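K.L.:
Numbering (UniProt numbering), first residue to last: 1 to 568.
(1) My guess is that residue 387 and residue 370 are in contact by the Cβ rule of under 8 angstroms, so how many angstroms apart are they, rounded?
(2) By the DSSP assignment, the alpha helix (DSSP H) with residue 259 in it spans what residues?
(3) For the region 341–355 against the region 187–199, are there 3 or more C-beta pairs whose distance is under 8 angstroms?
(4) If we define contact as Cβ-Cβ less than 7 angstroms, is residue 121 a contact residue for chain C?
(5) Quick check: the region 34–44 against the region 84–96, are there 3 or more CB pairs under 8 angstroms?
(6) How big is the Cα-Cα spacing for residue 541 and residue 492?
(7) Mind reading off the beta-carbon distance from residue 274 to residue 73? Whole number of angstroms is fine, and I expect it under 8 angstroms.
(8) Under 7 angstroms, do residue 205 and residue 177 count as touching if we go by C-beta distance?
(9) Using a threshold of 7 angstroms, state whether the C-beta atoms of residue 216 and residue 85 are closer than that.
(10) So, using beta-carbon positions, are residue 243 and residue 352 closer together than 7 angstroms?
(11) Can you tell which of 311, 106, 272 has its C-alpha closest to the C-alpha of residue 80?
(12) Output the distance between the C-alpha atoms of residue 231 and residue 341, rounded to the nearest integer angstrom.
(13) At which residues does the alpha helix (DSSP H) containing residue 155 begin and terminate?
(14) Can we say the region 155–171 touches the region 301–321, given the rule of at least three CB pairs closer than 8 angstroms?
(15) Check whether the region 295–315 touches the region 275–283, counting contact only when three or more Cβ pairs, one atom from each stretch, lie closer than 8 angstroms.
(16) Is the separation between the beta-carbon of residue 467 and that of residue 523 shorter than 7 angstroms?
(17) Within its chain, find whatever has a CB closer than 6 angstroms to the CB of residue 526; leave out the 5 residues flanking it on each side and keep chain order.
(18) Going by alpha carbons, who is nearest to residue 365 out of 37, 408, 480?
(19) Look at the alpha carbon of residue 551 and the alpha carbon of residue 544, and state the distance between them as a whole number of angstroms.
(20) Nearest CA to the CA of residue 220: which residue from 160, 427, 487?
(21) Short of 7 angstroms in beta carbon distance, which residues of its chain neighbour residue 27, apart from the five on each side in sequence? Order them along the chain.
(22) What are the residues that DSSP puts in a beta bridge with residue 393?
(23) Looking at residue 179: is its Cβ nearer than 7 angstroms to the Cβ of residue 135?
(24) For residue 104, does the three-state DSSP call read helix, strand or coil?
(25) With distances taken from CA atoms, which of 61, 32, 58, 59 is nearest residue 50?
(26) Excluding the 5 residues preceding and the 5 following residue 155 in the sequence, name in chain order all residues of the same chain whose CB lies nearer than 6 angstroms to its CB.
(27) Rounding to the nearest angstrom, what Cα-Cα distance links residue 163 and residue 235 in this structure?
(28) Count the C-beta pairs between the region 119–139 and the region 55–64 that are closer than 8 angstroms, then say yes if the count reaches three, no if not.
(29) Figure out for me which residue from 326, 528, 516, 538 has the closest Cα to the Cα of residue 496.
(30) According to DSSP, simplified to helix, strand and coil, what is residue 565?
(31) Which residues in the same chain as residue 100 place their Cβ atom closer than 6 angstroms to its Cβ, once the five residues preceding and following it in sequence are excluded?
(32) From what residue to what residue does the alpha helix (DSSP H) around residue 297 run?
(33) Ordered along the chain, which non-local residues of its own chain (more than five positions away) have a Cβ less than 6 angstroms from that of residue 571?
(34) Please report how far the alpha carbon of residue 512 lies from the alpha carbon of residue 478, in whole angstroms.
(35) What is the residue span of the beta strand (DSSP E) that residue 422 lies within?
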């Protein structure tokens, strides 16, 4: 009897399920795949693209989804909806929804305490729940799959961020139902990435960390894979952190620059914001491969053409706190999983935002060369670790500190041979070093000893790191002020009277001289010295911004992050 039941059950499953598609429902882009001929195939849409913008628009009463919707967004901003994943399963009063609403060109209203998008459909206004908009995107994915497969599709597996709560997961499932499909499984995005990564991996047990930084969400998951069996050990993340946040920071920066330069205010113009949003996204993508990119928008606002350059250094400065924010979940996941960094076999990077490279730069003005030193060990201070080798990259063109962009790459082959290279992104000049096992690599005993020392001195190392961070923060602040004093176009040169300028220059130079003589000072001393400089600088900067109609370095309260990320 039991065997018969099992056979009936299996037959029933096969009859009900049929073809099942996998949909990655993203904040900015979505894609659809199917398991066919022993492998997963990502299906291109009607434009030939493997990813489809998660955009829905209404133009002249017609509904557009995907590329067609995004392509007309600039001309029809108030009727083009995107980023609904940032609303789904949330309340209207949610702080993140309220913050995002300031930059969305379309209208969001409250209905039964939940956010609904309000758009013009034909001659009337209609409200749609985030689930309905997501259902339209899912419907587009289903249509793409059906065209490719040549048959009807009723079932789907849909991904969600690992840190989505129950309400957000249920809302996503509801979106699938509204689209006319049965959602067989809601699967965490990092788990899906690990499965895709591990499908063709065989062999012993492996510990994997999936770092998924996408358009709107961030997840970190630790898993083990053992011959095709996956076990999630721990997960962490932020459901409101991703490429969209980086775009918003850059948008706010350029809006501030535009308003300041032309003595106007474009913040209320949804079409201007949509034009800027599109160009900002393009510039951000360019910065993945270039040290700087030019932003050009014709007739941005009031017929004014806007053209500015964004460097990687500026992009990193605007988003530095967001980049640092990604590190806390990584530490938490490792702690929850009971893993040390050295026990990870693989780190899998997922999401478009992981393409933002980490670059190094010079720390002195007009520095012609950089010394690249390669260390092995677990201690924060290089002097406490084992040096494997060093080389010099020369021929760097004269420039202010922090301007040159130097990309350092580590490559290790199957034989354990490490190659480290450094390239000046501006000139293309590069140098490299190859480190073999016999060329200074540590023995197992040495590694064990260093791990023990690292654990033993963890508290001391933490204090040392805090002290050095304070020193570096003071130095960066002083050089930042120095550049502002000398920069006539973007800084305060020419906008401050001689007496204030002299007072500021004196305060900065005294702090830098003190730094040279007190490199080993305590954290409190560095912080006190910075406070001294701030007491001189802040009133002067505030006066300058007040006289030019801008905001004084972000002292406007917690209402908005718009002004929290000035260089000063």
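Ideal Cβ placement from N, Cα and C applies to all residues, glycine included. Note that the structure is predicted; figures quoted are calculated from it, not measured.
P.N.:
The relevant details are as follows:
(1) Not a contact, Cβ separation roughly 16 angstroms.
(2) 243–262
(3) These segments touch.
(4) Given the protein chain composition of this structure (a single chain), no chain C is represented.
(5) Contact fails: fewer than three Cβ-Cβ distances are below 8 angstroms.
(6) Cα to Cα, residue 541 sits roughly 8 angstroms from residue 492.
(7) 6 angstroms
(8) no
(9) yes
(10) It is a contact, given that the beta carbons lie within the stated cut-off.
(11) 106
(12) 18 angstroms
(13) Residue 155 -> not in any alpha helix (DSSP H); beta strand (DSSP E) instead, spanning 155–160.
(14) no
(15) yes
(16) Yes, Cβ-Cβ distance for residue 467 and residue 523 is below 7 angstroms.
(17) 470, 471, 474
(18) 480
(19) With a pLDDT of 43 at residue 551, under the threshold of 50, the modelled position of that residue is not reliable, and no figure is offered here.
(20) 160
(21) 54, 83, 85, 86, 214, 215, 216, 217, 242, 244
(22) 370
(23) yes
(24) coil
(25) Looking at the Cα atoms, 32 is the closest of the given residues.
(26) The residues are 17, 20, 182, 184.
(27) 8 angstroms
(28) yes
(29) 538
(30) With a pLDDT of 35 at residue 565, under the threshold of 50, the predicted position of this residue should be treated as unreliable, though the coordinate-derived value follows. If DSSP states are grouped into helix, strand and coil, residue 565 belongs with coil.
(31) Residues of the same chain with a CB within less than 6 angstroms of the CB of residue 100, apart from the 5 flanking positions on each side, are 86 in chain order.
(32) No alpha helix (DSSP H) holds residue 297; the beta strand (DSSP E) holding it covers 292–301.
(33) Examination of residue 571 is not possible in this model, given that the chain is present from 1 through 568 alone.
(34) 7 angstroms
(35) 418–424
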